[in-house]
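Colleague:
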Amino acid sequence: MRVSVAAGEYGDMTARPRASLRRILEDLGSTVLDVAASPGELDTEVTGVQIYDPLDELPVMEGDILLAVGVDSVERILALLETAGGAAGIVVKQPVAVDELVRAKVLETGVALLGLTRAASWAQVAALLRSLLAEDDLAEPGETPSDGLFSLANAVCALLDAPVTIEDRSSRVLAYSERQEEADAGRVETVLGRQVPERYRRMLVERGWLRRLYQSREPVYMELEGDSINRAAVAVRSGDEILGSIWAAVREPLSEQRQRALADAAKVVALQLLRQRAGSDTRRRLHADLLSTVLEGGKEAVEAAGRLGVASERLCVLAAQLVEEPYVDVARRESDRQRFCDALALHVGAIHPKAAAALVGSVAYAVLPLHSAEGDEEARAVRIAESFLTRVGPRHRANIGVGRLAADLTDVARSRTDADRALRVLRARGSAGEAAGYTAVHFEALLLQLSDLAKAEEQAPTGPYERLLAHDAEHDSHLVDTLRAYLDAFGDVKAASARIHVHTNTFRYRLKRLTEISGLDLDDPEARLAVMLQMRIFGS
-2 MRVSVAAGEY GDMTARPRAS LRRILEDLGS TVLDVAASPG ELDTEVTGVQ IYDPLDELPV
58 MEGDILLAVG VDSVERILAL LETAGGAAGI VVKQPVAVDE LVRAKVLETG VALLGLTRAA
118 SWAQVAALLR SLLAEDDLAE PGETPSDGLF SLANAVCALL DAPVTIEDRS SRVLAYSERQ
178 EEADAGRVET VLGRQVPERY RRMLVERGWL RRLYQSREPV YMELEGDSIN RAAVAVRSGD
238 EILGSIWAAV REPLSEQRQR ALADAAKVVA LQLLRQRAGS DTRRRLHADL LSTVLEGGKE
298 AVEAAGRLGV ASERLCVLAA QLVEEPYVDV ARRESDRQRF CDALALHVGA IHPKAAAALV
358 GSVAYAVLPL HSAEGDEEAR AVRIAESFLT RVGPRHRANI GVGRLAADLT DVARSRTDAD
418 RALRVLRARG SAGEAAGYTA VHFEALLLQL SDLAKAEEQA PTGPYERLLA HDAEHDSHLV
478 DTLRAYLDAF GDVKAASARI HVHTNTFRYR LKRLTEISGL DLDDPEARLA VMLQMRIFGS
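Under this note's numbering, the residue at position 406 of the sequence shown is numbered 403, and the numbers go up by one with no gaps.
1) For D408, which three-state DSSP category applies?
2) Would S167 be called buried (16 or more neighbouring beta carbons within 10 Å of its own) or exposed?
3) Identify the residues that DSSP records as bridge partners of S17: which are they?
4) Out of V320, L402, V29, R334, point me to the one whose CA is closest to G112's CA.
5) Candidates P522, R505, R418, M529: which alpha carbon is nearest A316's?
6) Is the distance from the Cβ of L484 to the Cβ of S515 below 8 Å?
7) If distances are taken between C-alpha atoms only, which option among A429, Y435, V357, P323 comes closest to R377?
8) So, for R533: in the same chain, excluding its five sequence neighbours on each side, which residues have a beta-carbon less than 6 Å away from its beta-carbon?
9) Measure from the alpha carbon of I264 to the alpha carbon of each residue in A301, V364, L146, then state which is nearest.
10) Quick one: measure Cβ to Cβ for A109 and A85, integer angstroms, because I've assumed they're closer than 8 Å.
11) Tell me whether Q254 is buried or exposed, calling it buried when 16 or more other Cβ atoms sit within 10 Å of its Cβ.
12) How far does the beta strand (DSSP E) with Q318 in it reach, from first residue to last?
13) Which residues share a DSSP beta bridge with L111?
14) Determine the DSSP secondary structure at E238, reduced to helix, strand or coil.
15) Could you tell me which uninterrupted alpha helix (DSSP H) segments, each at least 4 residues in length, are contained entirely in the region 385 to 437, listed from first to last along the chain?
16) With respect to the alpha helix (DSSP H) encompassing L447, which residues constitute its N-terminal and C-terminal limits?
17) So which of I74, Q212, C154, R196 has the shortest CA-CA distance to E178?
18) Sorted by chain position, which residues of the same chain lie with C-beta nearer than 7 Å to I243's C-beta, five sequence neighbours on each side aside?
19) Touching or not, the region 334 to 353 and the region 427 to 441, by the rule of three or more beta carbon pairs under 8 Å?
20) Using 7 Å as the cut-off, classify the Cβ of V217 as near or not near the heavy atoms of the ligand MG, replying yes or no.
21) Let's test the definition: count the other Cβ atoms within 10 Å of the Cβ of N502 and tell me whether it reaches 16, buried, or not, exposed.
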């Protein structure tokens, strides 16, 4: 394939399946994945990524790539190939045990056997594969959004005779060329993690290389120390806006001709990044609109679910929201929400290939298909939500509400309402980093609904509670606090007085005064219930 970067042409690209196994292998390169045993053609369409767990039932969907953690012997590989019919490929850690039996089974099943470099973690390869698949999500037929940047990276690699990465402003790797194995350990780590490691980025900042790079409109040559290969880099710009950068691992300064080629390549990459930004925004909006339609239920939900590839039966809705930090500008807040939603989509996608997530307003909603013989789907969804919050950790302080199981799409709107109400209970508690199912917070959710109804109808406290509030407001007597402590302690005066830090005799005096003033009969269970509900609904 000829690619003329200076002229801004991508050349004659051969049509390939939108997410074929061959294309994924070409994009990742042999630095990450290699073919250990091939069934012949590698044009099988890849639809999802699954992590194989021998303790779970294997839910193999057609076109899945299975990450076979801990599978290393010929016997285990053969057994997995036998049960993974329809999968696009199985990935095991190198060195891969391959003999004639394995090769024959690969040909029989049509499932490719791939080897993962030992330097890569399973989390890294899962993220890489899902990232490549996500780039094609909701693309129009014939579009291949990731092709452009990876093709450009390979073109620049050929022009400079050096391995190349294309990175965004935050040093995240957007694409990379072939021949990464020729670079240093830092470059290999960068490609595997799709992010420049913090220690390298800090070094570039401390030595002023990043400042010089972003201030210059020409390529910059950087002499690095130790075992690192030197770098030639150029900023990718749109006017005065820095979109990213191109980095080449080189052993000597570029010739004048190659400097000019790198500068010209930056202009083409800028156009591609702007195009992808526009396309990404459009796809995000379409994704959110389709998921909103699914969450509303009704007749149109079936078509929307079909376009999203979402399951239509036994669904739980998750409603996740970041705890808003004060003094954060609007753009940063929106960016944080979108990254949080992307992480949630990745997480639920690992649980089930027909799950989906999207940002609707300030809430990230996920629709998660669940099947459990024990009938504890809501509890399982809560565990999944808690696992996600643990993974994102302090980077994203958030809460997640989980709705009850919806049998099908006609009932999914109720599950969404459940999830919203559970999330609201967590917000009302002042929680951060918690997940709750609707069933567990049902009563608190009902109280919040009653509070909304009272406010909407402009209702106010009545009876004994109204009289206590009026007396406290006029005399600052704290009788409502005394009553609340008494009721919360189930009438235990000693515990109640300790709760509000007063002597038991003082507490008994206040208790006597509040019954005289309010007319409340503390021996009447109905009266106690009525005043407790008013306290929760109206506050104090």
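Built from N, CA and C at the ideal position, the CB exists for glycine as well. Small disclaimer: the values here were computed from a predicted structure and weren't measured.
Modeller: Quick answer:
1) If DSSP states are grouped into helix, strand and coil, D408 belongs with the helices.
2) exposed
3) E42
4) Selected option, being the one with the closest Cα: V29.
5) R418
6) no
7) Y435
8) L444
9) Ile is not the amino acid found at residue 264; the sequence shown has Lys there. Out of A301, V364, L146, L146 has the C-alpha closest to the C-alpha of K264.
10) 7 Å
11) exposed
12) 310 to 319
13) DSSP, once it has assigned bridges, lists V32, V88 as partnering L111.
14) strand
15) Residue ranges of uninterrupted alpha helix (DSSP H) with 4 or more members, entirely inside the region 385 to 437 and ordered along the chain, are 409 to 426.
16) 439 to 453
17) C154
18) V153, V161, I163, A230, V231, V233, L259, A262, A263, V266
19) no
20) Annotation note on the ligand MG: not contained in the displayed structure, which lists no ligands.
21) exposed
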